[in-house]
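Q: The structure is given below, and queries will be raised subsequently.
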Amino acid sequence: MTARPAEAASTTTPAPLLRIERITKSFGNVDALRDIDFTIGRGEFFSLLGASGCGKTTLLRILAGIEQPTTGRLVIDGQDMAGVPANRRPTNMVFQSYAIFPHLNVEENIGYGLKNLKLGKEETARRIEEALALVKLDGFAKRNSHALSGGQRQRVALARALVMRPKVLLLDEPLSALDKKLREEMQLELRAMQRTLGITFVFVTHDQEEAMTLSDRIAIVSAGRILQIGSPQDLYERPAGREVAEFLGSMNLLPVTVSGPASVDAGPLGPLSAPVKGLPDGTPAQLALRPERLSLVEGEGPAGNRLSGAVAEAVYLGDRIHYLVDIPGLARPLRVVAPNSVAPVLALGSPVAVTWPDEAGLVLGD
Amino acid sequence: MTGGWGFKTYAILFIAFIYGPVLMLPLFSVNDSNFATFPLAGFTLRHYADLWTQRPILEALGNSVRIAAGVSVLATVVAMPAAIAVTRFRFAGKAPALAFMMLPLVVPSIVMAVALLVIVLRFLGIPLSLWTVAAGHVVVCLPFCLSVLVSRLEGFDASLEEASRDLGCAPMQTFWRLTFPLALPGIISSLLLGFIISFDEFVIAFFLTGTENTLPVYLYSQLRFPNSLPGTLALGSLILIASTLLVVLAEVIRRRGVTSDNPGDI
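Those protein sequences? They're chains A and B, same order as listed.
Counting from 27, one number per residue, gives the positions in the first sequence under this note's numbering.
Counting from 606, one number per residue, gives the positions in the second sequence under this note's numbering.
The structure is reproduced here in structure tokens:
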């Protein structure tokens, strides 16, 4: 809809379109957001990921101008948003409840904001038609808003916002009310739409898989703070701390003490090798191990990082097998995901060794 | 429901008790006699025909209709911003403000009437007239209009108004393009309710009127004259029918609004 995609693609790191500078938000004595400070690039698909009540929706509403920050500054495309009300911002929002105007039909809903742009009859009609086609609702123009399914309402909400050609599209958990199949379909469509339109998307979700599927970058939000911002791969493979590590995907955590630049002491389990970054010797830390990076070997196994134990649980999932392995001296069993191979599923109680290459281990300070 | 026999009897008696006396009114109004007694003498519509020849009745009716129309509009217009404030904003002193506006509901109308009389005559020094009656009626109607509008505005999703703002509508545009059409069934209910309350109100009108009468006050004044009783009955029947129609209309409008399953809806 805009001529931006080429522009966005020409630079490796997109120029910041949104600058969020030290924003805080308090409701009475409750701090909903604390010192939020980051930028979002032009044409980026950016997700705010966090549990419910973490402040991600509040941040989105501040971007939209529906809420005002208590302190801090918001700049969109070089313009300070202080004192700019929601109706004059270059942002549009897809609400979680969709907020379809019940007294208007599909066409009137989509044209609601266009009236304010005073484009003239023909241009308005053309844009509505274009938006309907974009969300695959051609032929629904005159449909009463009551007669729409959940998925269709979602598409109307999306079209109603996109037809305004915003610089930033804000999406507040737009897919959470849809069933799984429809949700996955919409995810693909959203991603494709964002790429062709080149509009910056800021997407709020509590679903980590959804965030990883869609986003260029993700901000992990917890208790009003941003824990880490990065690409899905960054966050998964190089979490900055324990909370992020546990939030994204599944993670085994072993309490250890740093004992050298490439080694940690796991107490009763003995010394283990792992790259240590920025933590001095003697620091208590967690050795983080992704279940899919661990291997199971029957019996003793090769030398290197190796913990011996017994299979406590085996869940056959077709393409892979989930194991829980009890390790003497470890409070919680290790989770191991093994790809399904010709080897038979290990029996409960079989003695096994859990092994992994040094670089699979991640040492996180507490 | 099984075993509801006793309950049904109770319900029938209950309805008979409530509506029986009221239904005597139309019954005696078509009775060919000047006395409201059994046995009935025969069917006639002359009491109704006589009504149209009595100037004072028509004048009183005209006064009442004009007051009720003005009051219903004024009370609804005043109640609307209050209802929006109560349902949409958090502000200090909201609960006391709401309680204050609802007060006329629980203050006995005689107390209210005397208080208003003292204010109008002593403090404001305004001569009593139909205007003072109308002002008093606005006070009485306000809590009813307010509660109808509040329940209506509470019913729809606040994000609808946020969406309207987000799509470029300033607050006033949002009101006219979204809030007003969505609240319309409530606004109509409020108008009808205000009209009926003002039209039926007796005590305040009795205290605050000057030389002109509203219909209820006129009817009361006529009870002293036995000859005018059948006319009173006929007029009462007409008011009963008109009120019933208005209430049914208000309910139909309200019902038509709730048929959709949309949570943010009418």
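Even glycine gets a Cβ: it sits at the ideal position worked out from N, Cα and C.
What does the alpha-carbon distance come out to for the pair Arg-316/A and Ser-73/A?
A: 23 Å
Q: So with Cβ pairs under 8 Å, would you call Arg-757/B a contact of chain A?
A: With 8 Å as the cut-off, Arg-757/B does not count as an interface residue toward chain A.
Q: Are the CB atoms of Ala-271/A and Ala-203/A nearer to each other than 8 Å?
A: Not closer than 8 Å, so no.
Q: On the DSSP bridge assignment, give the partners of Gly-177/A in chain order.
A: Paired residues: none, contrary to the question.
Q: Could you check whether the Cβ of Pro-790/B sits closer than 8 Å to any Cβ belonging to chain A?
A: Chain A, which has no Cβ nearer than 8 Å to the Cβ of Pro-790/B, makes this no.
Q: Using the Cα positions of Gln-254/A and Leu-274/A, report the straight-line distance between them to the nearest angstrom.
A: Roughly 11 Å between the two C-alpha positions.
Q: Quick one: which residues of the region 68-101 of chain A get their C-beta closer than 7 Å to a C-beta of chain B? List them in chain order.
A: Residues of the region 68-101 of chain A with a Cβ closer than 7 Å to any Cβ of chain B, in chain order: Ala-90 and Ile-92.
Q: Quick one: grab the DSSP three-state call for His-232/A.
A: coil
Q: At the 8 Å Cβ level, is Pro-701/B part of the contact set with chain A, yes or no?
A: no
Q: Quick check for students: name the residue ranges of the beta strand (DSSP E) that lie wholly in the region 617-673 of chain B, counting only runs of 3 or more.
A: Whole beta strand (DSSP E) segments, 3+ residues: zero.
Q: I'd like to know whether the C-beta atoms of Pro-672/B and Tyr-823/B end up nearer to each other than 8 Å.
A: Just to set this straight, residue 672/B is Ile in the shown sequence, not Pro. No; because the gap between Cβ atoms is not below 8 Å, this pair is not in contact.
Q: What is the DSSP secondary structure of Asn-832/B, reduced to helix, strand or coil?
A: helix
Q: Mind pulling the chain A residues with CB within less than 9 Å of Arg-770/B?
A: Ala-90, Gly-91, Ile-92, Pro-111, Ala-112 and Asn-113
Q: Going by beta carbon distance, what residues of the same chain come within less than 6 Å of Leu-279/A, once the five residues before and after it are set aside?
A: Gln-312 and Ala-314
Q: Using CA atoms only, rank isn't needed, just tell me which of Lys-206/A, Lys-207/A, Leu-184/A and Glu-326/A is closest to Leu-197/A.
A: Leu-184/A
Q: According to the Cβ coordinates, are Ile-793/B and Val-745/B closer than 8 Å?
A: In this structure, Val-745/B does not lie closer than 8 Å to Ile-793/B by Cβ.
Q: Is the beta carbon of Lys-699/B less than 8 Å from the beta carbon of Val-711/B?
A: no
Q: Please confirm if Gly-773/B has its CB atom under 8 Å from at least one CB of chain A.
A: Chain A has a Cβ within less than 8 Å of the Cβ of Gly-773/B.
Q: Would you please verify whether the beta carbon of Phe-121/A is less than 8 Å from any beta carbon of chain B?
A: Under the Cβ distance rule, Phe-121/A counts among the residues neighbouring chain B, one pair being separated by less than 8 Å.
Q: With 16 as the cutoff for other CB atoms within 10 Å, does Arg-770/B come out buried or exposed?
A: buried
Q: Starting from Val-745/B, trace the alpha helix (DSSP H) in both directions and tell me its first and last residue.
A: 735-759
Q: So which residues of chain A does Pro-786/B contact, with C-beta pairs closer than 8 Å?
A: Result: His-129.
Q: At which residues does the beta strand (DSSP E) containing Tyr-342/A begin and terminate?
A: Counting along the chain, Tyr-342/A sits inside the beta strand (DSSP E) bounded by residues 331-342.
Q: Where in the region 113-156 of chain A do unbroken runs of the alpha helix (DSSP H), each at least 4 residues long, occur, reported from the N-terminal end onward?
A: 132-137 and 140-143
Q: Report the residue from Thr-226/A, Leu-160/A, Lys-206/A and Ala-108/A whose alpha carbon sits nearest the alpha carbon of Glu-236/A.
A: Lys-206/A
Q: Considering Cα atoms alone, identify which of Leu-85/A, Thr-96/A and Ala-41/A is closest to Gly-54/A.
A: Thr-96/A
Q: What whole-angstrom Cβ distance do Gly-815/B and Pro-713/B have, given they're in contact under 8 Å?
A: Their Cβ separation, rounded to whole angstroms, is 23 Å, which puts Gly-815/B and Pro-713/B out of contact at 8 Å.
Q: Secondary structure at Pro-713/B, three-state DSSP: helix, strand or coil?
A: For Pro-713/B, the three-state secondary structure derived from DSSP is coil.
Q: With DSSP as the reference, identify every bridge partner of Phe-72/A, one or two as the case may be.
A: Phe-72/A pairs with Val-228/A and Arg-243/A.
Q: Measure from the C-beta of Met-190/A to each C-beta in chain C and report whether the shortest distance is under 8 Å.
A: Judged by its chain identifiers, the structure shown contains no chain C, and its protein chains are A and B.
Q: I want to see whether chain A comes within less than 8 Å of Ser-764/B, judged by CB atoms only; does it?
A: Chain A, which has a Cβ nearer than 8 Å to the Cβ of Ser-764/B, makes this yes.
Q: Got a sec: does the ligand ATP put a non-hydrogen atom nearer than 7 Å to the Cβ of Val-716/B?
A: The ligand ATP is not part of this structure, which contains no ligands at all.
Q: For Lys-162/A, does the three-state DSSP call read helix, strand or coil?
A: coil
Q: Which residue wins for smallest C-alpha separation from Lys-193/A, given the options Ile-136/A, Gly-104/A, Phe-127/A and Ile-126/A?
A: Looking from the CA of Lys-193/A, the closest CA among Ile-136/A, Gly-104/A, Phe-127/A and Ile-126/A belongs to Gly-104/A.
Q: Using the DSSP secondary-structure output, state which residues sit across from Tyr-349/A in a beta bridge.
A: Bridge partners of Tyr-349/A: Ala-340/A and Val-362/A.
Q: Residues bridged to Leu-322/A by DSSP?
A: Val-380/A
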